[in-house]
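Just so you know, full-length UniProt numbering puts the end of the sequence shown at 143, numbered straight through with nothing missing.
Input: a single structure, listed below in structure tokens.
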Amino acid sequence: MDPWLIWLIIALVLAIAEIFTLTAALGMLAVAAVVTAGTAAIGLPVPGQLVVFSVVSAAGVVLARPWARRMMLQPRLERFGVEALVGASGYVLREVNDHDGLVRIRGEDWTARPYDESLVIPAGRTVDVLHIDGSTAVVYPRE
1 MDPWLIWLII
11 ALVLAIAEIF
21 TLTAALGMLA
31 VAAVVTAGTA
41 AIGLPVPGQL
51 VVFSVVSAAG
61 VVLARPWARR
71 MMLQPRLERF
81 GVEALVGASG
91 YVLREVNDHD
101 GLVRIRGEDW
111 TARPYDESLV
121 IPAGRTVDVL
131 HIDGSTAVVY
141 PRE
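Below you can see the structure in the form of structure tokens.
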């Protein structure tokens, strides 16, 4: 079997493994194997092919590392889940006091309690969500 075909098979196996693992490392190795297959096709001997594979693999890591590091250290701009509800406004459906309450936040009904335990927020008022404590929204009335 020709060496360039072996490198293409290696690249295919690495590419399939990349699909299942979602690690960029296997994808970079697959690209290096494709480049090495090209050099094998033009007649570079096996030791030269191994050097090409090593150099292209290392170059992929060197080029991808700064981008990956920047992405990992960058703060998330979007909030998801209950974090996205903090700062939202809600409508009081049932009086909110220290023991009970119900508010509608972005179309969903949430149990609620006031931030200040001495407050009683009547139905029909608009409130701001300060934080979510489990499945309870901690709210404060809008002025």
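Every residue, glycine too, gets a C-beta built ideally from N, C-alpha and C.
Predicted model only: the values in this text are computed from it and were never measured.
Check: List the DSSP bridge partners of V127.; Outcome: G90, P141
Check: Report the rounded CA-to-CA distance for V127 versus S89, giving the unit in angstroms.; Outcome: 6 Å
Check: On the criterion of 16 or more Cβ atoms from any shown chain inside 10 Å, does A68 qualify as buried, or is it exposed?; Outcome: exposed
Check: Starting from the Cα of V129, find the closest Cα among A112, S57, M71 and give me that residue.; Outcome: A112
Check: If I follow the unbroken alpha helix (DSSP H) through V62, where does it start and stop?; Outcome: 46-73
Check: Does DSSP put L12 in a helix, a strand or coil?; Outcome: helix
Check: If we count the other Cβ atoms within 10 Å of its Cβ and call it buried at 16 or more, is A84 buried or exposed?; Outcome: exposed
Check: Three-state secondary structure (DSSP) at P3?; Outcome: helix
Check: Are the Cβ atoms of L119 and D109 separated by less than 8 Å?; Outcome: no
Check: What residues are listed by DSSP as bridge partners for T136?; Outcome: T111, D133
Check: In this structure, what does DSSP give as the bridge partners for L26?; Outcome: BP columns for L26 are empty, so no partner.
Check: Going straight from the alpha carbon of V55 to that of L8, what length do you get?; Outcome: 17 Å
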